[in-house]
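Some notes on the structure that comes next.
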Amino acid sequence: MSLRQDLKASNDAGRARIDADTLAVMDRATDAVRASGLADSALTVGDSAPTFSLPNASGETVALSDVLASGPVILTFYRGGWCPYCNLELRAYQALLPEIEAAGATLVAVSPQTPDASLTTQEKKDLTFTVLSDEGNAVARQFGLVHTLPADLVAAYDQFGLDVAGSNGDASGDLPLPATYVIDPDGTIRYAFVDADYTKRAEPSEVLASLQAVAA
């Protein structure tokens, strides 16, 4: 199955288990993000990717400029290891990693999780690509991706046992929209996917095709 199909199946199964009032809270939050126009104003194709340095899951600093020096980069922002849709996405990219590396590219995933939480995600999901910690969403803000979870949605997540504040090391409720970029070695964005609906993600095969066009 494609990632798109996996995400839909997960969403359908999840919604079937959730009561109507909580579903309404979740849907209102997504509608509010969509109405804000945030996804439309985020960085897109032709823009220059901001330069940044972030710690990886082991606490070592990774600079985008250093990674780009060896070839193009797939940069994907995810909400956290607590998000089932993010986990499906990360697993799909892990499966595609040999083809990404064969194209001379590097895959980098970024979330607002603390390095410890990122390490837990990396180890639990057997991820062998670079996972970076953007505490406080400073880099995600440069890409124009950050929104704040409404209090009623945070309360719903708490009921689900999802400790977003603990994972991120702060109680701001700020998260990035899920987004995926292909960045060429000059730092120019050549592919961009941003969606207001966190259950939607770029299809990895489409990202790979864009990457291969850049690398050709």
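Using the working numbering, you'd call the opening residue of the sequence shown number 848 and step up by one each time. Just so it is clear, CB atoms sit at the ideal spot from N, CA and C, and this is done for glycine as well. Please read these numbers as outputs of a predicted model, since none were measured by experiment.
Proximity below 8 Å, CB of P962 to CB of P919: As a position in the sequence shown, residue 962 is number 115, starting the count at 1. As a position in the sequence shown, residue 919 is number 72, starting the count at 1. Cβ atoms of P962 and P919: not closer than 8 Å.
First and last residue of the uninterrupted beta strand (DSSP E) at Y1028: Your numbering for residue 1028 matches position 181 in the sequence shown. From DSSP, the beta strand (DSSP E) with Y1028 extends over A1026 to I1030.
For L828, the three-state DSSP class (helix, strand or coil): There is simply no residue 828 to check, as the chain begins at 848 and stops at 1063 in what is shown.
Helix, strand or coil at D1010 [DSSP, three-state]: As a working note, residue 1010 is residue 163 in the sequence shown. In the structure shown, D1010 adopts coil according to DSSP, grouped into three states.
Enclosing beta strand (DSSP E) for L954 [first to last residue]: Walking along the sequence shown from the start, residue 954 turns up at place 107. Residues T953 to S958.
Y1038, enclosing beta strand (DSSP E) - first and last residue: As a first step, residue 1038 must be located in the sequence shown, where it is residue number 191. I1036 to V1041 is the extent of the beta strand (DSSP E) around Y1038.
Chain-order list of residues whose beta-carbon lies under 6 Å from that of A1018 (same chain, five-residue window excluded): In the sequence shown, residue 1018 corresponds to position 171, counting from 1. Within the same chain, A1018 has close Cβ partners A1012.
H994 versus V1001: straight-line alpha-carbon distance, rounded: As a first step, residue 994 is located in the sequence shown; it is residue number 147 there, counting from the start. As a first step, residue 1001 is located in the sequence shown; it is residue number 154 there, counting from the start. Their backbone Cα atoms lie some 13 Å apart in a straight line.
Straight-line gap, I921 to Y940 (C-alpha atoms, nearest Å): One-based indexing of the sequence shown puts residue 921 at position 74. One-based indexing of the sequence shown puts residue 940 at position 93. Straight-line Cα distance between these residues: approximately 10 Å.
Euclidean distance between Cα positions of E907 and L992: Walking along the sequence shown from the start, residue 907 turns up at place 60. Walking along the sequence shown from the start, residue 992 turns up at place 145. When rounded, the distance between both Cα atoms is 24 Å.
Segments of 4+ residues assigned as alpha helix (DSSP H) that fall wholly inside the stretch 903-977: 911-915, 931-949 and 962-971
Any 3 or more C-beta pairs closer than 8 Å across the stretch 1035-1051 and the stretch 892-900: yes
Range covered by the alpha helix (DSSP H) that runs through L1022: For the purposes of this step, residue 1022 is taken as residue 175 along the sequence shown, with counting starting at 1. That residue, L1022, is in no alpha helix (DSSP H); its beta strand (DSSP E) goes D1021 to P1023.
Touching by the beta-carbon criterion (3+ pairs, under 8 Å), the stretch 946-958 and the stretch 864-878: no
Inter-stretch contact (C-beta, 8 Å, three-pair minimum) for the stretch 940-951 and the stretch 874-890: no
Close-in-space but distant-in-sequence residues of the same chain around Y1004 (CB under 7 Å, 5 per side omitted): By one-based count along the sequence shown, residue 1004 stands at place 157. Non-local beta-carbon contacts of Y1004 in its own chain, meaning distances under 7 Å to residues more than five positions away in sequence, involve V1011 in chain order.
Check whether R926 and P1051 have beta carbons under 8 Å apart: The residue given as residue 926 occupies position 79 in the sequence shown. The residue given as residue 1051 occupies position 204 in the sequence shown. Contact: no.
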